């Protein structure tokens, strides 16, 4: 039987160096995220009447029921884009994984 967790997605400039993305991921973990995946993607989008194609970092952030609002607030405060992509949705998860997410909210970061 599955349970639900929250998945949040955003993108950041591809010009950011990986250490800067890592630093942001650490602050997200301190804000209630349990796991953050990040990778470079090629994005195509319409902006101010033109089509753009650029490299971006895509972050996929996993959290429990209590973490979503803190993470979105943090992303809104630090995001460099005028209109950031901030998507979130509940997703089904296997019971053991969902239980781990719900029990893993930590303020201290461990290696």
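Numbering (the numbering used here), first residue to last: 2 to 112.
Using N, Cα and C, we set each Cβ at its ideal position, and we do this for glycine too.
Since we're looking at a predicted model, the values are computed, not measured.
- Bounds of the alpha helix (DSSP H) holding residue 23 are 19–31.
- Along the length of the stretch 62–109, whole alpha helix (DSSP H) runs at least 4 residues long occupy 69–79, 96–104, reported in chain order.
- Residue 7 sits in a strand when the DSSP states are folded into three classes.
- Secondary structure at residue 55: strand, using DSSP grouped into helix, strand and coil.
- Contact between residue 57 and residue 42 holds: their C-beta atoms lie close to 6 Å from each other, under 8 Å.
- Here the alpha carbons of residue 46 and residue 52 stand approximately 6 Å from one another.
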